[in-house]
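For the sequence shown, position 93 matches number 93 in full-length UniProt numbering, and the numbering has no gaps at all. For each residue, glycine too, the CB sits at the ideal point set by N, CA and C.
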Amino acid sequence: AGGTPPPPRSGLVYGFGDNSHGAVGQPAPAADVYVPTPVPSLPSSVDAVAAGHYHSLAVSSAGEVWAWGRNEEGQLGRGLQAPRNTWSNPEQVRGLENVQVRAVSASGVVSAAIGCDGSLWVWGRSKRGQLGLGKDIVEATMPSRVEALAGYDVVKVSFGWGHAMALTKDGGLFGWGFSENGRLGDMGQSTEAPSPQEYVGKTKDNYSSSMLEAVEKMVADKIRSEDNMPIIWEPSLVHEVTHLDVSDVSCGLDHSLILGSNGTVLSGGDNTYGQLGRKSGWAKLLPVDISYIPFSVSASAGHSLALCHISTKGTDNVKTGVLSWGWNCSSQLGRPGQEDAPALVNYLVGENPITAAAGRVHSIVLMSNGDVWAWGSGRNGRLGLGSSMDEAEPCLVDTLEGVEVLQVATGMDHNLILVKE
């Protein structure tokens with residue numbers, strides 16, 4: 001479905017943004033990193049990077065996985081005893097010596113590696129079933145194979161707050177973990193009709209305007225609701241999309257975006273901020289009304305991004321653009337106008353985006369010429385522009401001029417970039 005990605009080109013890893021957990025790879029006491037800065041102690045040649053919420057992963061050209069950042073849940077794969085002052089030091093993940101790894105992914109509490117043979121390996125700790133290792137298995141201190149996906153060739157895995165989805169080479173989509181309000185589709189849903197309150201969904205007005213208070217309230221609500229969590233303990237087929245040739249998937253904190261090769265986008269899960277891009281609050285996977293043809297999706301805490309093809313009527317001229325929708329508290333949509341429906345980030349029309357990555361309240365886009373653009377919240381230096389100012393429109397990260405960026409990845413409040421050697 002997703003086709004085979006081009007053979008990776010190797011490079012060096014840079015990081016910027018919030019380093020309070022060591023995710024940017026700078027030794028303590030470096031808290032915030034305002035410009036892209038090389039991550040020390042990594043192998044000289046890295047093929048891929050991924051950002052968890054507060055930690056970071058890299059795949060070396062030799063197929064090894066390196067990890068740094070938060071380790072409270074063992075997501076670095078170095079055991080739970082590692083002293084906090086060592087979290088920022090990249091170290092090789094133990095237990096994958098016999099696996100040639102081609103890709104990595106992570107949530108806040110779980111890390112994952114995909115082997116060249118399509119096998120999926122996970123480690124960390126999640127009481128929401130995000131490991132996918134079977135009923136009531138909430139911890140894996142060493143990388144463990146997800147046996148429910150043995151026999152499938154996994155090409156991509158994406159993690160939210162408590163849910164996960166994996167895409168297989170033949171276009172199959174599997175989901176597991178916390179299944180509330182349709183983020184995994186009908187899986188784990190009660191069949192009762194929703195109450196009027198549920199149908200309308202929570203509105204933004206229930207939240208204070210302060211971003212931090214809103215996030216704290218979100219976390220408090222989650223902790224309260226965790227006693228009776230609907231959990232899918234092992235990867236299960238997402239039946240609603242079996243007719244769709246799935247080409248991309250992205251799990252936001254509490255919502256999911258699924259892209260078909262025909263350009264159809266389905267969304268499901270929480271719609272508090274309009275991040276589903278549709279009016280209906282039904283707890284199902286439903287289509288998003290998009291007037292362009294998307295080819296890539298990225299979901300985050302409260303907003304969503306998609307890359308799309310834009311054709312000029314009457315010509316063969318096809319460009320690519322960035323669509324954004326959802327939460328806009330820090331201008332992370334990069335545009336004015338309606339928030340709960342996908343719309344183009346006009347400032348970037350004419351550029352040629354190839355990757356979009358949504359952070360908690362910021363957005364990063366990589367262009368085909370290797371330029372990186374960033375917008376939204378500038379706190380902790382997460383835009384890489386040398387300041388903590390918010391930016392309402394995309395800004396070129398000019399400290400990267402003269403280098404070719406191969407890949408970008410975004411955690412909650414930090415970023416990784418892979419730069420050509």
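If you draw a straight line from the C-alpha of residue i to the C-alpha of residue j, how long is it?
i: residue 116; j: residue 99; result: 8 Å
i: residue 28; j: residue 377; result: 23 Å
i: residue 14; j: residue 172; result: 34 Å
i: residue 111; j: residue 126; result: 11 Å
i: residue 335; j: residue 363; result: 12 Å
i: residue 453; j: residue 107; result: Any answer about residue 453 is impossible in this case: the structure gives the chain only from 1 up to 421.
i: residue 202; j: residue 239; result: In this prediction, residue 202 scores a pLDDT of 38, lower than 50, which makes its location untrustworthy; the coordinate-derived value is nonetheless stated afterwards. The alpha-carbon atoms of residue 202 and residue 239 are separated by roughly 27 Å.
i: residue 389; j: residue 33; result: 14 Å
i: residue 147; j: residue 119; result: 9 Å
i: residue 349; j: residue 145; result: 43 Å
i: residue 290; j: residue 86; result: 46 Å
Mind checking whether residue i and residue j have CB atoms under 7 Å apart?
i: residue 341; j: residue 325; result: yes
i: residue 182; j: residue 279; result: no
i: residue 356; j: residue 318; result: no
i: residue 187; j: residue 232; result: yes
i: residue 415; j: residue 63; result: no
i: residue 49; j: residue 114; result: no
i: residue 320; j: residue 35; result: no
Could you give the residue range of the beta strand (DSSP E) that holds residue i?
i: residue 151; result: Run containing residue 151: none; DSSP gives neither H nor E here.
i: residue 320; result: 318-326
i: residue 56; result: 55-60
i: residue 258; result: 255-260
i: residue 426; result: Because the chain in this structure spans residues 1 to 421, residue 426 falls outside the shown range and cannot be described.
i: residue 231; result: 231-237
i: residue 102; result: 101-106
i: residue 139; result: 139-145
i: residue 110; result: 110-115
i: residue 248; result: 246-251
i: residue 121; result: 120-125
i: residue 315; result: From DSSP, residue 315 is part of no beta strand (DSSP E); its letter is neither H nor E.
i: residue 407; result: 405-410
Excluding the 5 residues preceding and the 5 following residue i in the sequence, name in chain order all residues of the same chain whose CB lies nearer than 7 Å to its CB.
i: residue 79; result: 141
i: residue 180; result: 230
i: residue 254; result: 160, 161, 183, 269 and 270
i: residue 31; result: 19 and 20
i: residue 236; result: 174, 175, 176 and 187
Can you list, in chain order, the residues of its chain with a C-beta nearer than 6 Å to that of residue i? Leave out the 5 residues immediately preceding and following it.
i: residue 82; result: 71
i: residue 306; result: 294, 297 and 323
i: residue 410; result: 51, 357, 359 and 364
i: residue 327; result: 273, 302 and 303
i: residue 288; result: 265, 267, 277 and 278
i: residue 169; result: 153 and 155
Between residue i and the rest of its own chain, which residues show a CB-CB distance below 8 Å, the 5 nearest in sequence each way excluded?
i: residue 396; result: 371, 372 and 373
i: residue 401; result: none
State whether the region 91-98 contacts the region 126-139, with contact taken as three or more CB pairs (one from each stretch) at a distance under 8 Å. These segments do not touch.
Using 8 Å as the Cβ pair cut-off and three pairs as the minimum, do the region 66-75 and the region 21-37 touch? By the Cβ test, the region 66-75 is in contact with the region 21-37, since at least three Cβ pairs between them sit closer than 8 Å.
Count the CB pairs spanning the region 267-279 and the region 310-317 that are closer than 8 Å, and state whether there are at least three. Here the region 267-279 makes no contact with the region 310-317; the two share fewer than three CB pairs at distances below 8 Å.
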